[in-house]
Amino acid sequence: MFTEDVYKALIQPISDESFCGYYLKGDKAAFRQLRNAFNLAQTSLRKLSQNPDGNELDVLQEENNANWSALSSELLQVFRKSSRDIELIGWFIASQLFMDTTVDSFTKTLKWLAELIDLHWDVLNPVLPSDKLKGESAEEQATEQAKAKAKAFFQLLGDSEESCLLYAPILMLPLIGDISFYQYQSAEKRGEVGIIKQHASQFLGAERAAVQRKLNNLNRAMIEVEQMASTTSKHCQSVGVLAPNFNFIKTLVTKVSKAIQHLTGIIPANENAVIASSNPADTTQNKSDDVELNSEQLVTSTQSIQLGQQMMATQSQNLSQTAAMNSMNRNVALHQLREVSDYFRQSEPHSPVSFLVEKAIRWGGMSLPDLLKEMMEEPEGGLLNKIFSTAGLDHSDQVLLPEIAKQSVSSREVSKVSSMTAKTGSKPMETTVSDVPRTDAHVNQNPKNGSPAKSTALSW
């Protein structure tokens, strides 16, 4: 695995002559050995993806992990002594997802690659030898070198999610317990996320800390990918070369992170860092505005305290504030009722339970006059319609619930925030939780020219 000690060793130069060593593809025998190890790992992964029966599954998993582990060990020796090459590092990144399901090694490797791109771009392999360069001027040769580096990213990044080298390893990544990302996506397509979410709740008590670490690692991984994309784009644009597209790997990392959040309700500890890193161009402007914002916030805070003291004077305003808090919790509760309804609709379609729960949800969204009117009306059509009305079968469609834009808080946190609010009059802070993206929501996954995706990465 890519430990902290390995990282410290690999940020040292390979030799005094070159930080990143030599162009390994020029040594055909050495490169062929690594290529064979990579092909062997890909073959075992392909076998594992062909829905083997239970008797073969354990054997194939052990074989696959052993092959990727062997590839990882060989590559580490190359990185220490011979060459640091973008394509080879891409293979190594994929191997870490099998060797360390906490995603820590994966994230550390991305960090290392991001540093190589930032600090050692010119000597980071592939660095084409002079006899392979066609340009005569220094500018033309710099362009050729940048094109070679950009091309070396292609296998890792792909031209679609499915052709990305990380696609299959991420599909097999366990989210919580024995639930893989592939199982989550399959359940999502079948509309059975509620069932798999209920299954995930069995593991949450024992694995909460591990899930939190995994989400934090994915969050850091996204930051490193953003950094790589930005730095690579800068290097390529300086010589007029089209920069590699990191969008598909970013989409995969985001999807698996959102899947874990949806199953567990846990969010990354430093989620705001991803948002900030996604807008590096705004950093300078944000810093320049800090002084003005701080002075405005001071005035606003003073006004809020004064307003809070006035609000405490009347009982009605306190009740309004409590109602606002309950409204937020009420919306979350209605969504939880919808999950209960979906569960009974799928598991007991013959039972009226799901319709009765939907009836409660529908009534929960009605005004008091409309609710009383419906309760007092006699159903037309005799006894059968009365039975349908009582069981909730007269409304088969689900009502549309408002989206949950805020994260619910525990009763202890609510009481704490309410106590603070009573003193200051300020509104309680609420954390925004992003919606889980659908697997079919991403666009522009295919190449612009419309040609089918081509890559040596495994197509799932």
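Residue numbers (numbering that gives the first Met the number 0): 0 to 459. All C-beta atoms, glycine included, are put in the ideal place defined by N, C-alpha and C.
- Shown here, residue 168 sits in a helix according to DSSP, grouped into three states.
- Note on residue 349: under 16 other CB atoms within 10 angstroms of its CB, so exposed under the neighbour-count rule.
- The alpha helix (DSSP H) runs of length 4 or more contained entirely in the region 121-146 do not exist; there are none.
- In this structure, the straight-line span from the alpha carbon of residue 24 to that of residue 130 is close to 14 Å.
- When secondary structure is reduced to three states using DSSP, residue 174 falls in the strand class.
- Take the alpha-carbon of residue 341 and the one of residue 268: they are about 31 Å apart.
- Distance from the CA of residue 82 to the CA of residue 147, rounded to the nearest whole angstrom, comes to 16 Å.
- Here residue 104 carries a helix assignment [DSSP, helix/strand/coil].
- Fewer than three pairs of CB atoms, one per stretch, sit closer than 8 Å, so the region 198-216 makes no contact with the region 240-254.
- Secondary structure of residue 4 (DSSP, three-state): helix.
- Contact check for residue 77 against residue 109 fails: the beta carbons are separated by 8 Å or more.
- Look at residue 26 here: in three-state DSSP terms it is coil, with no helix or strand label.
- Sixteen is the threshold: when 16 or more other Cβ atoms of the shown chains lie within 10 Å of the Cβ of residue 262, as they do, the residue is buried.
- By the C-beta criterion, the region 131-141 is judged not to be in contact with the region 168-177, since fewer than 3 inter-stretch pairs fall below 8 Å.
- Sequence-distant Cβ neighbours of residue 217 in its own chain, meaning closer than 8 Å and more than five residues away, are 102, 106, 252, 255, 256, 259, 267.
- Between residue 112 and residue 9, the alpha-carbon positions lie close to 10 Å from each other.
- Residue 61 has its alpha-carbon roughly 13 Å from the corresponding atom of residue 51.
- Leaving aside the five residues that flank residue 117 on each side, the residues in its chain whose CB is nearer than 6 Å to its CB run, in chain order, 230.
- Note that the C-beta distance between residue 91 and residue 168 is not below 8 Å.
- Linking residue 39 to residue 49 through their CA atoms gives a straight-line distance of about 16 Å.
- Look at residue 193 here: in three-state DSSP terms it is helix.
- For residue 115, same chain residues with a beta-carbon under 6 Å away, outside a window of 5 residues either side, are 123 in chain order.
- Annotation: residue 331 to residue 338 spans about 11 Å, alpha carbon to alpha carbon.
- If the five residues before and after residue 69 are omitted, its C-beta is found closer than 7 Å to the C-beta atoms of 36, all from its own chain and listed in chain order.
- Residue environment analysis places residue 125 among the buried positions, since at least 16 neighbouring C-beta atoms fall within 10 angstroms of its C-beta.
- Secondary structure note for residue 119: it is in no alpha helix (DSSP H), with a DSSP letter that is neither H nor E.
- It is roughly 47 Å from the alpha-carbon of residue 215 to the alpha-carbon of residue 369.
- In the DSSP assignment, residue 59 falls within the alpha helix (DSSP H) that extends over 53-80.
- By the neighbour-count definition (other C-beta atoms within 10 Å, threshold 16), residue 89 is a buried residue.
- Nearest neighbour of residue 152 by Cα position, chosen from 160, 142, 164, turns out to be 164.
- When only Cα atoms are considered, residue 205 and residue 15 end up about 49 Å apart.
- With respect to the C-alpha of residue 65, the residue from 84, 192, 99 having the closest C-alpha is 99.
- Within 10 angstroms of the beta-carbon of residue 367 lie fewer than 16 other beta-carbons, which makes it exposed.
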